[in-house]
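Shown next, in structure tokens, is the structure this report addresses.
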Amino acid sequence: MPAHNEERLIAKTIGAVPGFVDRIIVINDGSADRTLEIVRECQQRDPRVVIVNHGVNQGLGQSIVSGYLKSIELGLDITVTMDGDGQMSPDDLPNVIDPIARGVADYCKGNRLLHRDVTNTMPAYRLFGNAGLTFLTKFATGYWQLMDPQCAYAAISRRALAAIPIDKMTRRYGYNADILNMLNVHNFRVAMVEVKPVYGDAISGIKLRSYIPRVSYLLMRLFGRRLIHKYLVRNFNPLCLSYITGMALWLFGALPFAIRVLYVYLIAGMEFPQTSFLCFILLALAGLQILLSAVQYDMEDNRDLFIIIDNERQVELRRGAATIETIAAPALKPRAPARGESLVEPVER
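Residue numbers (this note's numbering): 17 to 365.
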């Protein structure tokens with residue numbers, strides 16, 4: 017539970033944590049107010065509270081890293097990240113940890129966009145910014161069904177924490193995509209569950225003008241890292257070459273011809289360069305086709321690694337009407353026809 021200048025909400029947030037939680041790790045990230053003092057008071061009342069104190073502000077990402085490292089030290093089986101500003105409903109905690117506890121996934125992420133009240137609760141500017149970053153995050157992480165990647169409500173297994181280089185995660189914003197990138201490179205399965213969006217008394221410190229460009233640049237870097245580490249270093253896959261070829265045709269083929277056409281016709285005022293324009297069209301179309309093929313191969317290669325568990329499936333799991341196999345199987349491979357059964361729909365005449 018990272019906390020930076022959260023004296024108004026931290027006690028309430030800690031007090032709302034359900035009783036089945038073994039440890040509440042609070043990371044005070046160089047708060048200038050009474051946050052640390054209040055957390056210590058909570059620790060006296062609740063022995064589950066463990067304090068990690070940063071003398072100076074080191075960023076949200078570093079707070080998450082410190083919390084994960086403390087969790088590894090304590091030997092906890094499942095670690096959940098919850099902000100200290102009360103923007104995550106503790107009522108959703110069982111749903112977030114359930115896929116990991118049942119062995120369905122090694123990482124479970126909350127999705128506020130699935131909730132029926134999201135349009136009434138989440139500010140419009142957040143919805144717009146979330147949509148743009150979600151598109152880039154799909155490329156960066158390889159989890160193509162991912163939604164609401166900026167939601168920090170997530171749980172991770174001890175096995176996954178031990179496998180990924182968590183100490184190398186980004187120290188600032190964008191850590192959500194960074195850890196998903198690491199999980200994808202190591203082929204860990206991710207589940208997504210519905211959580212309630214909460215925007216009460218908390219005041220966001222995110223400035224979109226600087227946040228979106230900075231995180232967008234990080235996502236492009238993560239995309240390159242995923243291609244190199246997953247499809248070249250750890251195991252070779254031709255889709256990496258498709259991405260490289262498609263981007264090369266655009267950057268070093270189509271783009272120079274486009275610049276030449278604009279310069280010759282619009283700036284120099286000369287006759288329209290038809291040959292250069294045709295070269296631009298051909299290279300652009302070829303690059304686009306190769307890139308689309310690469311995306312298709314990428315989606316197919318990572319299809320097994322993502323599961324969406326809606327509220328109906330959660331209820332089925334708890335009642336015993338569904339099992340791990342029935343939840344995970346649709347994401348793993350198409351159902352094979354039974355003996356004498358055809359999966360082809362009959363055509364009505």
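Note that CB positions come from ideal geometry on N, CA and C, so glycine has one too. Values in this document were obtained by computation on a predicted structure and should not be read as measured data.
DSSP links I43 through a beta bridge to P18, V68. Annotated three-state conformation of E89 is helix, per DSSP.
Pairing T51 with D317, the inter-Cα distance amounts to about 45 Å.
Burial state of Q312 is exposed, judged by a 10 Å Cβ sphere holding fewer than 16 other Cβ atoms. The C-alpha of M198 is placed about 8 Å away from the C-alpha of P181. With a contact defined as Cβ atoms closer than 8 Å, G77 and T29 miss out at about 20 Å.
Here A121 is actually not in contact with I94; their C-beta atoms are around 11 Å apart, not less than 8 Å. DSSP places P213 in the strand class (E or B) of the three-state scheme. In this structure, D183 sits away from L321, with a CB-CB distance that is not shorter than 8 Å. In the DSSP assignment, C124 falls within the beta strand (DSSP E) that extends over 123–127.
A buried status is given to L109, since no fewer than 16 other beta-carbon atoms sit within 10 Å of its beta-carbon.
A direct Cα-to-Cα measurement between R61 and Q74 gives close to 28 Å. Excluding residues up to 5 positions away in sequence, I306 lie with their Cβ nearer than 7 Å to the Cβ of T261 in the same chain.
Burial is judged here by how many other beta carbons sit within 10 angstroms of a residue's own beta carbon; Y259 has at least 16 and is buried. Counting along the chain, S173 sits inside no alpha helix (DSSP H); it lies in the beta strand (DSSP E) bounded by residues 170–173. The continuous alpha helix (DSSP H) containing T291 extends over residues 290–317.
Secondary structure at F252: coil, using DSSP grouped into helix, strand and coil. By the Cβ neighbour-count rule, A147 is exposed, with fewer than 16 other Cβ atoms within 10 Å of its own. A contact between stretches requires three or more CB pairs, one per stretch, nearer than 8 Å, and the region 161–179 fails this requirement with the region 241–255. Look at F204 here: in three-state DSSP terms it is coil, with no helix or strand label. Put simply, the region 158–171 does not touch the region 52–72. Fewer than three CB pairs are less than 8 Å apart. Rounded to whole angstroms, the gap between the alpha carbons of L271 and H202 is 35 Å. An exposed status is given to N251, since fewer than 16 other beta-carbon atoms sit within 10 Å of its beta-carbon. Taking every protein chain shown into account, the CB of V249 has fewer than 16 other CB atoms within 10 angstroms, so this residue is exposed.
In the assembly as shown, T97 is a buried residue. Its beta-carbon has 16 or more other beta-carbons within 10 Å.
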